[in-house]
Amino acid sequence: MVDPSVSGLDPRAAAVAMQVAGYVRRYPRAADTCIGIARWWLPPGSQADPAVVLRALEALVRDGVLQARRLPSGECLYSAAGPGHDSEPRNED
Numbered sequence: 041m042v043d044p045s046v047s048g049l050d051p052r053a054a055a056v057a058m059q060v061a062g063y064v065r066r067y068p069r070a071a072d073t074c075i076g077i078a079r080w081w082l083p084p085g086s087q088a089d090p091a092v093v094l095r096a097l098e099a100l101v102r103d104g105v106l107q108a109r110r111l112p113s114g115e116c117l118y119s120a121a122g123p124g125h126d127s128e129p130r131n132e133d
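Plus 40 on top of the position in the sequence shown (first one is 1) and you've got our numbering.
Structure follows, in structure tokens:
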């Protein structure tokens, strides 16, 4: 798995990106939404703003660390990227 490129991200989003990348290295089968990632994947007490988490997740998808799958509810489910993944959110109808 590639480490995320944090260049171009603000310091808070870069820190979240590094934490999420570390989480998927430890738990490669983990998958969750932006809100779930903010609540469960980040260290206790981090209280990351969902907009900051979303910027970090979008960067990780762009860098090939995560993949995003759009759920019928419209939310995206993020998980570790597999080989040959598509960086655009897929619809799961």
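Using N, Cα and C, we set each Cβ at its ideal position, and we do this for glycine too. Fair warning: this is a prediction, and the values are worked out from it, not measured in the lab.
Determine the burial state of Arg95: buried for a count of at least 16 other Cβ atoms within 10 Å of its Cβ, exposed for fewer. With 16 or more Cβ atoms within 10 Å of its Cβ, Arg95 is classed as buried.
Between the Cα of Leu106 and those of Val92, Tyr118, Asp50 and Gly85, spot the shortest distance and give me the residue it belongs to. Considering only alpha carbons, the answer is Tyr118.
Give the C-beta separation of Ala88 and Leu97 to the nearest angstrom, bearing in mind that I take them to be a contact with Cβ-Cβ under 8 Å. Not quite, the Cβ-Cβ distance comes to about 11 Å (not below 8 Å), so this is no contact.
Return yes when the Cβ of Val101 is within less than 9 Å of the Cβ of Cys74, no when it is not. In this structure, Val101 does not lie closer than 9 Å to Cys74 by Cβ.
Below 8 Å on the Cβ atoms is my guess for Pro68 versus Ala120; work out the distance and round it to an integer in Å. About 5 Å separates the two Cβ atoms, so the contact holds.
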